[in-house]
Amino acid sequence: MGKSRIYIKHQAFNAAYEAIEGNSEARVDGFDAPKKYHHDPSKLDKFRDFSKYLVWASELYSASSKLTSQLRTLYDEARYASSSFYVLNSEGTLKIILVKLDGFQLDLKDLHDDIAEFQACMLATHISEKQAEIEALSDELMYLSSLENRLADICNRKLYEISSSRMGFYSLFVSVIALSIALFS
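Each residue of the sequence shown is one higher than the one before, starting from 24 at the first, in my numbering.
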C-alpha cells in the first residue's frame, strides 16, 4: 500500500482558484480569511483590526521571552557544570539539566504551533504592515531552537568528556595493574 500524499504541486493555488470561482460575486473581507487557519474561527471574530493582532503578537512574544529566560538559565547551569570525571555528581548534574530540557519540549512545541497559527492568520488578513510582527516571532523561534540545540550539545559534549576521561583512567589503572603483575611474577 502506497503512502498517501499530503500535498501535491499546485494544490493550494487550485483550491484558492476554486474558492474564488465558486464565490466570485461575494465581497471578501480581509478579516474573514484568517478563520480558515485558526483552531477556533468563532473567537477570531473579535480580531477585526490591527491592534487586536498586536495584542496577540505581544502575548506570544511574552510567552517566548519566558521560555527563553528559562532555557537561558539552564544553558548557564550547563556551561558552568563540571566535565571532570572525578568531581562528584558532575554527570548527574548534566543529566538533570537534560531532563529539565526535555520537560520544556511540550511548551516549545505548543509555542511553535501557536506562532505558526498566528503567522498564518496574520498573513491572511488585509493588514498591510504585518511583516514586523511575523519576523519578530520567527526570530524568537529561531533563537529558542538555537538555544535548545546549544544546551543539548553542551550537555552531551560534557557527558562525553566525562565518559572519555573515565575510560582513559580505567585503562591506565588496568595497565598499571597488568604491568605490576608482569614485573612481580
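A virtual CB, placed ideally from N, CA and C, is assigned to each residue, including glycine.
With contact defined as three or more Cβ pairs closer than 8 Å, the region 131 to 149 and the region 161 to 180 are in contact.
When the five nearest sequence neighbours on each side are left out, the beta carbons in the same chain lying within less than 7 Å of the beta carbon of Leu131 are those of Leu90, Leu167 and Glu171, in order along the chain. Note on the region 103 to 176: whole alpha helix (DSSP H) runs with a minimum of 4 residues are 113 to 126 and 128 to 147, in chain order. The Cβ-Cβ distance between Ile120 and Leu97 falls below 9 Å. If the five residues before and after Pro57 are omitted, its C-beta is found closer than 8 Å to the C-beta atoms of Leu67, Phe70, Ala143, Cys144, Met145, Ala147 and Thr148, all from its own chain and listed in chain order.
Residues of the same chain with a CB within less than 6 Å of the CB of Ser105, apart from the 5 flanking positions on each side, are Ser113 in chain order.
In this structure, Leu94 keeps its C-beta atom at 9 Å or more from the C-beta atom of Leu129.
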